[in-house]
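Asker: Below is one structure. I have some questions about it.
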Amino acid sequence: MVLIANTYYLRRARLLEFLKGLETTDDSAAITLYLPPGLSAGKIQDLLKSAVDEAALRVEMAEILARSRNGGALFWANKEKYLVSPPFPLKEQAVFAGFNIGPLRNLLEVDYTIGLVLVHLGAYAVGLCHGEKLTTSKVGTGLVHGRHKKGGSSQQRFRRRRENQAAEFLDRVCLHAREQFESQAQTIDYMVYGGPRQTVMQLQKRCLFLKSFADRVLPPLDVPDPRKEILEKAVGRIWSSRVTEWRKEG
Numbered sequence: 253m254v255l256i257a258n259t260y261y262l263r264r265a266r267l268l269e270f271l272k273g274l275e276t277t278d279d280s281a282a283i284t285l286y287l288p289p290g291l292s293a294g295k296i297q298d299l300l301k302s303a304v305d306e307a308a309l310r311v312e313m314a315e316i317l318a319r320s321r322n323g324g325a326l327f328w329a330n331k332e333k334y335l336v337s338p339p340f341p342l343k344e345q346a347v348f349a350g351f352n353i354g355p356l357r358n359l360l361e362v363d364y365t366i367g368l369v370l371v372h373l374g375a376y377a378v379g380l381c382h383g384e385k386l387t388t389s390k391v392g393t394g395l396v397h398g399r400h401k402k403g404g405s406s407q408q409r410f411r412r413r414r415e416n417q418a419a420e421f422l423d424r425v426c427l428h429a430r431e432q433f434e435s436q437a438q439t440i441d442y443m444v445y446g447g448p449r450q451t452v453m454q455l456q457k458r459c460l461f462l463k464s465f466a467d468r469v470l471p472p473l474d475v476p477d478p479r480k481e482i483l484e485k486a487v488g489r490i491w492s493s494r495v496t497e498w499r500k501e502g
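The opening residue of the sequence shown carries number 253 in the working numbering; numbering runs sequentially from there.
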């Protein structure tokens, strides 16, 4: 017998329904571990020893959890074996006999206010959501020329012009983000960015207003050119939890 892992994602309603099913599990061997973000892989492996016998499996789980910026909840029994990586950071480290869904359910039942900033050079979408509802948004484009392939002085002039266009565009994105978020800045629980890493980093560096949310940034999203449709889909992705399930085969 070997344990085979399968990973999938569940939106909030589906995950709460899933947790409700776990709560009815009747297994004297069942155990629940809540592991907040920031723990080292070694510390995670030590904590997993109370639930998982297989050393190789503990290493696999520790690697998943060490990469997670939100931590994870492990539900482990003879038949049911799940690791849930929630969309928001777990606050506590805890071990429970049986399946205790309370801390995870409490985390998911809060309608957090979340700012979204999706940006590619030349297109942006910013918005605010309360729970899973997009409450305000602004989508637009700006002129940023593509890269110049020729060499020489013309290439240098083109590069400088492109850099200036990019800076002006990112400054406008910063302004639009401020217009969308400033009136509710004190109530924003989390901020999410999406787009090419370098572009997002340039925006964060140039935009002093967005720097004020640096202590509550969720993992970034990989998104195509931002549009209203992409912004709406991003809200659903933010609220999705990653579930890894292990089943016995062979």
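Glycine included, each C-beta is placed from N, C-alpha and C at the ideal position.
Identify, in the order they occur along the chain, each residue of the same chain with its Cβ nearer than 6 Å to the Cβ of Trp328, setting aside the five sequence neighbours on each side.
Answerer: Your numbering for residue 328 matches position 76 in the sequence shown. Taken in chain order, the residues that qualify are Ile283 and Ala303.
Asker: By the DSSP assignment, the alpha helix (DSSP H) with Asn358 in it spans what residues?
Answerer: Residue numbering aside, residue 358 sits at position 106 when the sequence shown is read from its first letter. Counting along the chain, Asn358 sits inside the alpha helix (DSSP H) bounded by residues Gly354 to Leu360.
Asker: DSSP on Val452, reduced to helix/strand/coil?
Answerer: The sequence position of residue 452 within the sequence shown is 200, counting from 1. Val452: helix per DSSP, three-state reduction.
Asker: Leu285 to Gly488, Cα distance in whole Å?
Answerer: Stepping through the sequence shown from its first residue, residue 285 is reached at position 33. Stepping through the sequence shown from its first residue, residue 488 is reached at position 236. Distance between the alpha carbons of Leu285 and Gly488: 26 Å.
Asker: How far does the beta strand (DSSP E) with Lys385 in it extend, from its first residue to its last?
Answerer: Counted from its first residue, the sequence shown places residue 385 at position 133. Per DSSP, Lys385 belongs to the beta strand (DSSP E) from Lys385 to Thr393.
Asker: Is it right to say Gln456 is buried, meaning 16 or more other beta carbons lie within 10 angstroms of its own, or is it exposed?
Answerer: On the sequence shown, position 204 is the one that residue 456 refers to. With 16 or more Cβ atoms within 10 Å of its Cβ, Gln456 is classed as buried.
Asker: How many whole angstroms separate the CB atoms of Glu501 and Ile316, which I take to be in contact at a CB cut-off of 8 Å?
Answerer: For this step, residue 501 is matched to residue 249 along the sequence shown. For this step, residue 316 is matched to residue 64 along the sequence shown. The Cβ separation is near 20 Å, so there is no contact.
Asker: Decide yes or no for the touch test of the segment 418 to 437 against the segment 458 to 473: beta carbon pairs closer than 8 Å, at least 3 of them.
Answerer: These segments touch.
Asker: Within 10 Å of its beta-carbon, does Val254 have 16 or more other beta-carbons around it, so buried, or fewer, so exposed?
Answerer: On the sequence shown, residue 254 is found 2 positions in, with the first residue counted as 1. It is exposed - the Cβ of Val254 has fewer than 16 other Cβ atoms within 10 Å.
Asker: Comparing alpha-carbon positions, which option in Glu361, Asn330 and Asp363 lies nearest Glu497?
Answerer: Position 245 of the sequence shown, counting from 1, holds the residue named residue 497. The shortest C-alpha separation from Glu497 is found at Asn330.
Asker: Between the segment 366 to 377 and the segment 470 to 486, can you find at least three pairs of beta-carbon atoms closer than 8 Å?
Answerer: With the cut-off at 8 Å, the segment 470 to 486 and the segment 366 to 377 touch.
Asker: Hey, out of Arg310, Lys485 and Cys426, whose CA is closest to Gly394's CA?
Answerer: In the sequence shown, the residue the question calls residue 394 occupies position 142. The residue with the shortest Cα to Cα distance from Gly394 is Cys426.
Asker: In whole angstroms, what is the alpha-carbon distance linking Asn352 and Glu481?
Answerer: Translated into positions along the sequence shown, residue 352 becomes position 100. Translated into positions along the sequence shown, residue 481 becomes position 229. If I take the Cα positions, the gap works out to 37 Å.
Asker: With a 10 Å radius around its C-beta and 16 neighbouring C-beta atoms as the bar for buried, classify Ser280 as buried or exposed.
Answerer: Along the sequence shown, read from residue 1 onward, the residue named residue 280 stands at position 28. That one is exposed.
Asker: Could you check where the alpha helix (DSSP H) with Phe270 kicks off and where it finishes?
Answerer: In the sequence shown, counting from the first residue as 1, residue 270 sits at position 18. Counting along the chain, the alpha helix (DSSP H) containing Phe270 begins and ends at Arg264 to Glu275.
Asker: Contact between the segment 445 to 455 and the segment 344 to 363: three or more CB pairs below 8 Å?
Answerer: no
Asker: Ordered along the chain, which non-local residues of its own chain (more than five positions away) have a Cβ less than 8 Å from that of Leu287?
Answerer: As a working note, residue 287 is residue 35 in the sequence shown. Cβ within range, chain order: Ile296, Leu299, Leu317, Gly323, Gly324, Ala325, Leu326, Leu342 and Gln345.
Asker: Spatial neighbours of Glu484 within its chain, please: C-beta separation below 7 Å, excluding the five flanking residues on both sides.
Answerer: Residue 484 sits at position 232 when you count from the first residue of the sequence shown. Taken in chain order, the residues that qualify are Leu386.
Asker: In three-state terms, what does DSSP make of Gly446?
Answerer: Looking up residue 446 in the sequence shown gives position 194. Residue state, collapsed to three classes: strand.
Asker: In or out: Met313 buried (at least 16 other Cβ within 10 Å) or exposed?
Answerer: For this step, residue 313 is matched to residue 61 along the sequence shown. The residue is buried, with at least 16 neighbouring Cβ atoms inside 10 Å.
Asker: Helix, strand or coil: which one does DSSP assign to Phe340?
Answerer: In the sequence shown, counting from the first residue as 1, residue 340 sits at position 88. Assigned with DSSP and collapsed to three states, Phe340 falls in coil, not helix or strand.
Asker: Using DSSP with H/G/I as helix, E/B as strand and the rest coil, what is Ala308?
Answerer: On the sequence shown, position 56 is the one that residue 308 refers to. In the structure shown, Ala308 sits in a helix (DSSP, three-state: H, G or I).
Asker: Tell me the rounded alpha-carbon separation between Arg494 and Tyr334.
Answerer: For the purposes of this step, residue 494 is taken as residue 242 along the sequence shown, with counting starting at 1. For the purposes of this step, residue 334 is taken as residue 82 along the sequence shown, with counting starting at 1. Using only the alpha carbons, I get a separation of about 10 Å.
Asker: Just to confirm before moving on: does the CB-CB distance between Leu268 and Arg357 stay below 9 Å?
Answerer: Here residue 268 refers to the residue found at position 16 of the sequence shown. Here residue 357 refers to the residue found at position 105 of the sequence shown. Cβ distance < 9 Å, so Leu268 and Arg357 count as in contact.
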